[in-house]
């Protein structure tokens, strides 16, 4: 079992230890050990991990707990995806060398990545204190703060990283991502272009720039991106990033057939990277409809959860826009894509030793009420006490029956868009950390949309009046009428600020982050421009 973090010494004050020198990292080893450690460092820098590990084994034969050797071993383990072993190695290193910012930085980043956010932040802050010139520590601190929604502090951390190392490409990209979420689109574009100037073959920077959607690449940039996409040495991941970026640029240039070919190749690469089974997903939905064929009695307190507004949809259907409209209202707190509903359900599955929805028939009204209070407790840390708050985890449409059983007072807003436009927009989008594995073939996209439509029809029938369909095209055609209806469903008085949603100051971390900073546009439909190329999608949707 891993040692609890609080038992690992981290030092008393930032000024207590002196900065470690290269000689300190070699200390305690005889001549042959120093030579082996230097060899390991050189092999590691060259990406020859097996050779590096072989050299480290010679060090461990002399000193099994040598801090620098353990740190290098953790780097190798991390590169190979063995994060738990890397954490264990770094914990051992930290016991020997508790003031080493490189160890603290790597361990802090890994702890945060594996779910120990609080301790990860402690170690990352400590690394920055011990070595304020360590750009990677500021970068990792900024990433961790971003994930914890400390956006202003995260932006400052990225700026510190770039002050330490103006040529740090990952820091430029992370800074661009943060600026995008804050609505500073022009600054985000500048950050991505700074990364490209330093590293013209950074496919992640090109993708970030194109993914702003409101920013068009110029002719020279498109030519450079085309050359990069055609580079034979690109690995699959980089080719996919470049492909999604280039497809967007070609579409902007009305080169639709070329864009379709590039999007198709990029999606094929990404589909090979994800695991998803369409028949299994359909069977899961059958289990959901069986479990809620007769809606459970639910929590006795029928007002429980009346502050909650769940916004559900498929991706690229206007959910970010809908949340931005609601969050612009003075009585609404915008929560974004939080995972609290799924976490509540998963916790009950663990408690009962059964997967959802198998335990639904066993639930009493008191059980559902307990889960409702659990959900509200989980969301309390980011809510500010306004009359309503939004939860925009898109896959909550799968759990609507459970949510309304535990929170009878809650409301669901279902964002709908033309199915061809929805699916085509998904196909053109590489989705960050949440891969939406159904979105990388046109056939699976169409089938997934049909499953979604089937389950939402089921929920409408079982819970009349609890689900409001917000149709994207209707919102574009008549914004004020649609906004008034949406606010009325949420039992909110009309406020003109909801019509000026693009002026709302809040963090948005979705594919539409830049688009919702602009007034409504009526020119978002793109699928028809591709003509018969999208016939496979139309067939999978049952439209032809």
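Numbering (our numbering), first residue to last: 4 to 547.
Positions of the beta carbon are idealized from the N, C-alpha and C atoms, including for glycine.
Counting only the Cα atoms, residue 295 lies some 11 Å from residue 362. Secondary structure note for residue 139: its alpha helix (DSSP H) is the uninterrupted segment 138-150. Short of 8 Å from the beta carbon of residue 279, and not among the five residues preceding or following it, lie these beta carbons of its own chain, in chain order: 440, 441, 447. In the three-state reduction of the DSSP assignment, residue 394 falls in the strand class. The beta carbons of residue 461 and residue 292 sit about 5 Å from each other, so the pair counts as a contact at 8 Å. Residues of the same chain with their beta carbon placed closer than 7 Å to that of residue 26 are lacking, with the five preceding and five following residues left out of the count. Across the set 213, 260, 257, 209, the C-alpha of 209 shows the shortest separation from the C-alpha of residue 241.
Secondary structure of residue 358 (DSSP, three-state): coil. As computed with DSSP, residue 418 is found in a beta bridge with 316, 473. Of all C-beta pairs linking the segment 395-415 to the segment 306-313, three or more are shorter than 8 Å, placing the two stretches in contact. Cβ atoms of residue 457 and residue 320 stay farther apart than 8 Å, at about 16 Å.
In the DSSP assignment, residue 78 falls within the unbroken alpha helix (DSSP H) covering 70-82. Under the Cβ criterion (8 Å, minimum of three pairs), the segment 198-208 counts as touching the segment 229-244.
Across the set 396, 212, 299, 174, the C-alpha of 212 shows the shortest separation from the C-alpha of residue 191.
Counted as a single uninterrupted DSSP element, the beta strand (DSSP E) harbouring residue 337 occupies residues 335-337. Taking 9 Å as the cut-off, the Cβ atoms of residue 58 and residue 77 do not count as close. The DSSP assignment places no complete run of the beta strand (DSSP E) inside the segment 240-291 (cut-off: 3 residues). Residue 417 is classed as buried because its beta carbon has at least 16 other beta carbons within 10 Å across all chains shown. The C-alpha of residue 127 lies about 6 Å from the C-alpha of residue 140. Sixteen is the threshold: since fewer than 16 other Cβ atoms of the shown chains lie within 10 Å of the Cβ of residue 365, the residue is exposed. Segment contact: the segment 273-288 against the segment 342-358, fewer than three CB-CB distances shorter than 8 Å; contact not assigned.
The beta carbons of residue 302 and residue 372 sit closer together than 9 Å.
Between the alpha carbons of residue 531 and residue 452 lies a gap of roughly 18 Å. Counting the other CB atoms within 10 Å of its CB gives residue 146 a total of 16 or more, which places it among the buried residues.
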